[in-house]
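Taking it in order: structure first as structure tokens, then the write-up.
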Amino acid sequence: MKRALISVYDKSGVADLARGLIELGYEIISSGGTASLLRAHSIAVTEVRAVTGFPEMMEGRLKTLHPLIHGGILMRRGHESDEESAKAHGLSPIDIVVVNLYPFAETVSGEHSLTQAIENIDIGGPAMVRAAAKNYAFVAVVTSPKQYGAVLGELREHGAVSTSLRQRLAAEALLATAYYDSIISQYLWRAFGESALPAQMGLPLNLVLPLRYGENPHQEGALYATALAQGGLARAEQLQGKELSYCNIADADVAWAVVSEFTCPAVAVVKHATPCGVAMGETIHEAYLKAEAGDRISIFGGIVALNREVDEVTAEALSKIFLEVVVAPCFTGAARRILGTKKNLRLLALDDSAEGEARAAGGNWEVRSIAGGYLLQTPDTWGTTEQWQVVTAAQPTPAAESDLLFAWVVAKHVKSNAIVIAKGGATIGIGTGQPNRIDAARQAIERAGAGVKGAVLASEAFFPLPDVLEVCGRAGIVAVIQPGGALRDAESIAVANAYGLAMLHTKERHFKH
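Numbering (my numbering), first residue to last: 9 to 521.
See below:
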């Protein structure tokens, strides 16, 4: 008689699976809660302890870790040495292993103690899964209720699970255990690790959305979520519109990251991962109008993020222009009706309460692929304004100081070399991605136009030369914020003083490549 071992935490569909296996002539071996559930459904079960001669012990920590179980899984049929060992030690083969694991991720995602986390580290389950996957030539390993139908279907049609399905199940099983172990290792490293970046790591990613293609049509793409995150764009709810593209998601993430920096109502417009209009206001409607005015050309076909509920009046303004995506915490009913007339417009609702946690949930890592490996770093966070210093004779006015802080926040999200010109709580000119800082400054000033007079300027990195200050002074900019720390800072300060500019050094750089 063929044998199937069933030991699952997620018991959905398992009674029907076991019943189907029995109808096909299988003996069911099980333990603990799974055995109890199957018996409650009047399904005959052989207890693991009846096979091993050992009871469950240590409050269920030890159930299936026994040679009579693992030998039955690992035994190679027709292999002389394996057959002799099995005969000598009373081993019988196990042909199907149905296992899913303790809910570690679910446990640690809510309120929990370290003890609860530790007790939800599955030991016996992964051991059986790995053994069955290794011996896929003879054993079918089933790790998800979604696989039950395919397994029963092949057994009913062909009397056996095909080699191709066993191979696929084995690959899926090892992906499942790798994912599971990476969640646990990441959790424990965050609790006990000595540094932010360990010597080895696994990044637990869960498929959220297959995409039509990647950045370009010839590239494959998909959206994955990190296992320990509770919020973030990867878990946004799409309320309407066409399916999201790779570029939509990348741009929306940049826009959402910008507005998440602000506690007041704020709006960011992003195109090709570049902020082109950012503003704050007394209301979200005011902030949107100011952000739109920041670059009326680039907003066409862009992505808009708002950090407040979208109301009717804001929806009316949004509906007047072609946009790809609007992302916000929520939308009023009236706003949904207005924006619902634009059938292709993608609306994303996103819980903003867990944004910081979501960005830290990869183990506090930002990841970038390079040829042959990956670059990792901790997220770019803020220092303290206590280290900021006015280094010029002129002091910024309260209005200029507010705009300097605003522009500094925006500059953190602009590709280097980055220059942000702002006035009245809104960007009016952004220079981005230039190989030298003076060109970025000229680009921003040109985009600001006549509004540059009386505006402020932020640079995400220091000025190596005083040339940017010369351009600022001639353009009519009144205040500048930058990290400082260049060898020729004294020259830049002298130029700022000559033009009567106020300049702050933050002593903190925010390169973005």
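The beta carbon of each residue, even a glycine, is placed where N, CA and C say it ideally should be. Please read all numbers here as calculations on a predicted model, not as lab measurements.
Query	Result
Sequence-distant residues of the same chain with beta carbon closer than 6 Å to Trp396, five excluded per side	Leu512 and Thr514
Coarse secondary structure for Glu374, derived from DSSP in three states	strand
The segment 174 to 182 in contact with the segment 111 to 126 per 3-pair CB rule at 8 Å	no
Residue range of the unbroken alpha helix (DSSP H) whose run includes Ala343	Gly341 to Leu347
Burial state of Arg164 (16 or more Cβ within 10 Å)	exposed
8 Å Cβ cutoff met for Phe330 and Leu355	no
N-terminal and C-terminal residue of the alpha helix (DSSP H) that Lys95 is part of	Glu88 to His97
Where Trp293 sits in the DSSP three-state scheme	It is worth fixing the name first, because residue 293 is His in this sequence and not Trp. If DSSP states are grouped into helix, strand and coil, His293 belongs with the helices.
Complete runs of the alpha helix (DSSP H) confined to the segment 445 to 479 [at least 4 residues]	445 to 456
Selected residue, minimal CA-CA separation from Leu196, among Val266, His280 and Ala125	Ala125
Residue span of the alpha helix (DSSP H) that contains Gly285, given as start and end	Run containing Gly285: none in the alpha helix (DSSP H); it sits in the beta strand (DSSP E), Thr282 to Met288.
Whole-angstrom distance between Thr185 and Pro101, CA atom to CA atom	23 Å
Neighbour-count burial assignment, Lys328, 16 or more Cβ in a 10 Å radius	exposed
Distance between beta carbons of Ile429 and Ala463, contact taken as under 8 Å	5 Å
Delimiting residues of the alpha helix (DSSP H) encompassing His518	First-last for His518: undefined, no H or E at that position.
Straight-line gap, Ala379 to Lys250 (C-alpha atoms, nearest Å)	33 Å
Whole alpha helix (DSSP H) elements within the segment 166 to 230, 4-residue minimum	171 to 200
Cβ contact check for the segment 433 to 446 and the segment 273 to 287: 3 or more pairs under 8 Å	yes
Under 8 Å between C-beta atoms of Leu217 and Ala230	yes
Any non-hydrogen atom of the ligand PLP within 7 Å of Arg69 CB	The ligand content of the structure shown is nil, which means the ligand PLP is not present either.
Inter-residue spacing [alpha-carbon to alpha-carbon] between Ala494 and Pro273	35 Å
Proximal residues to Phe519 (C-beta, below 8 Å), its chain only, five neighbours per side dropped	Ser424, Glu468 and Ala469
DSSP state of Gln155 mapped onto helix, strand, coil	helix
Leu465 to Ala415 span [Cα, whole Å]	7 Å
Rounded straight-line distance, which links the Cα of Ala458 to that of Pro491	27 Å
Spatial neighbours of His74 in its chain, beta-carbon cut-off 7 Å, leaving aside the 5 residues before and after	Thr60 and Phe62
C-beta contact flag for Ile501 and Val399 at 8 Å	yes
Buried or exposed by the 16-neighbour rule on C-beta atoms within 10 Å, applied to Val318	buried
Nearest to Ile104 (by Cα), restricted to the options Gly348, Gly40, Leu25 and Tyr17	Leu25
Cβ neighbours of Leu82 in the same chain (closer than 6 Å, five flanking residues each side left out)	Ala139 and Asn143
Close beta carbons around Leu13, own chain, < 6 Å, minus the five adjacent residues each side	Ile37, Ile102 and Val105
Ser50 classed as buried or exposed, judged by whether at least 16 other C-beta atoms fall within 10 angstroms	exposed
Limits of the unbroken beta strand (DSSP E) element including Lys142	Where Lys142 is concerned, there is no enclosing beta strand (DSSP E), although the alpha helix (DSSP H) it sits in stretches over Gly132 to Lys142.
Cβ distance (whole Å) where Leu384 is taken to contact Glu394 below 8 Å	About 29 Å separates the two Cβ atoms, so there is no contact after all.
Cα-Cα separation, Gly289 to Gly21	53 Å
Neighbour-count burial assignment, Ala242, 16 or more Cβ in a 10 Å radius	buried
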